Amino acid sequence: MPLLDSAGRQIPKLKKLLQKEFLILFGFLFLLLFVWGGIELRELFIVDRAQQFDEWMLLSFRDADNLQYLFGPHWVDEAVRDITALGGPAVLTFMIAIVTIYLLLRKKYKSALLVVVVTIGGLLISLLLKDIFLRERPDIVPALMVETSPSFPSGHSMLSAVVYLTLGSLLSRIETNPRIRVYIISIAILTAIMIGLTRIMLGVHFPTDVLVGWIVGFFWATLCWFFMMVLQEQKVVEKGPELQE
111 MPLLDSAGRQ IPKLKKLLQK EFLILFGFLF LLLFVWGGIE LRELFIVDRA
161 QQFDEWMLLS FRDADNLQYL FGPHWVDEAV RDITALGGPA VLTFMIAIVT
211 IYLLLRKKYK SALLVVVVTI GGLLISLLLK DIFLRERPDI VPALMVETSP
261 SFPSGHSMLS AVVYLTLGSL LSRIETNPRI RVYIISIAIL TAIMIGLTRI
311 MLGVHFPTDV LVGWIVGFFW ATLCWFFMMV LQEQKVVEKG PELQE
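Each residue of the sequence shown is one higher than the one before, counting from 111 in the numbering used here.
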């Protein structure tokens, strides 16, 4: 039958796509976990316990005797600031610029454009959500750095998820070992998570700001990532170079 024949021709293409990019499923797994977390977060808002959750998280990272300091040794404060800087505009812009120039030098023009579009798209979504909700910064604990933009969602959390997962997916495209591919994406996800946690530790974001930032960031990055895979299979966007054995 024509319908069955057509479906039969599409199955090998789909199988090839999934085999070549197993990490797509890995990314969607994390997406589902974060969406589930968002649903649970919504339940917190409904029963009016979100504020208690925010307060508990913010206070748990501080010295009970002096809220001006983080819990733990003195070097923790500096380490937290160093990690949070990885999600700052300067570092993310620098990294995207390096990757974009590299892709241009490799004559991967459409891939370079896609990286820029994904990043700018994530930034615009973050700014739009901030302007819509206009949530004030937390005052439960003293902030350990100055921030003036609206609190919801966390821009650092969202953009670090977008940028690091995008760069991780690009790097995984030139790696042939499946275990190393999983390692690369895992490090990208872990980096975004650590950056988000530092925003809470510094007292500049509510935990709910960070959770939503993660959800939106991972969703946007995974959606664009899957879209890029489809375009590459259709040869609209150049495929990543494969490592030589």
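Note that the Cβ used here is the ideal one computed from N, Cα and C, for glycine as well.
These numbers were taken from a predicted model, which means no experiment stands behind them.
Burial state of residue i, where buried means 16 or more other Cβ atoms lie within 10 Å
i    : result
M339 : buried
F204 : exposed
G182 : exposed
H184 : exposed
D249 : exposed
I208 : exposed
I398 : This structure leaves residue 398 out entirely; the chain is present only between 111 and 355.
I211 : exposed
F171 : buried
Same chain, Cβ closer than 7 angstroms to residue i, five either side skipped, listed in chain order
i    : result
Q162 : none
P194 : In the sequence under discussion, the amino acid at residue 194 is Thr, which differs from the Pro named in the question. Once the five neighbours on either side are set aside, the close Cβ partners of T194 are H266, I305, T308, R309, L312.
V186 : L180
M167 : I310, P317
V190 : L180, T308, M311, L312
Y274 : A298, T301, A302
E188 : none
V272 : V228, T229, G232, G327, W330, A331
I294 : G278, L281, S282, E285
Proximity below 9 angstroms, CB of residue i to CB of residue j
i    : j    : result
L254 : V314 : yes
R216 : D319 : no
W335 : M268 : no
A331 : S279 : yes
G198 : A302 : no
V385 : L238 : Since the first residue shown for the chain is 111 and the last is 355, residue 385 is missing from the structure and cannot be characterised.
Chain-order list of residues whose beta-carbon lies under 6 angstroms from that of residue i (same chain, five-residue window excluded)
i    : result
I206 : T229
S270 : G197, A302, I305
Rounded Cβ spacing between residue i and residue j (contact assumed at less than 8 angstroms)
i    : j    : result
G231 : G327 : Actually they do not touch by this definition, with Cβ atoms about 11 angstroms apart.
T276 : V225 : 6 angstroms
L177 : V256 : That belief does not hold up - the Cβ atoms of L177 and V256 are roughly 17 angstroms apart, past 8 angstroms.
Nonlocal neighbours in the same chain, by C-beta distance under 8 angstroms from residue i, ignoring five residues either side
i    : result
I235 : M268, V326, W330
L169 : L177, I250, V251
D164 : P248, I250, F316, P317, T318
Pairing CB atoms from the segment 260-272 with CB atoms from the segment 307-321, are three or more of them under 8 angstroms? yes
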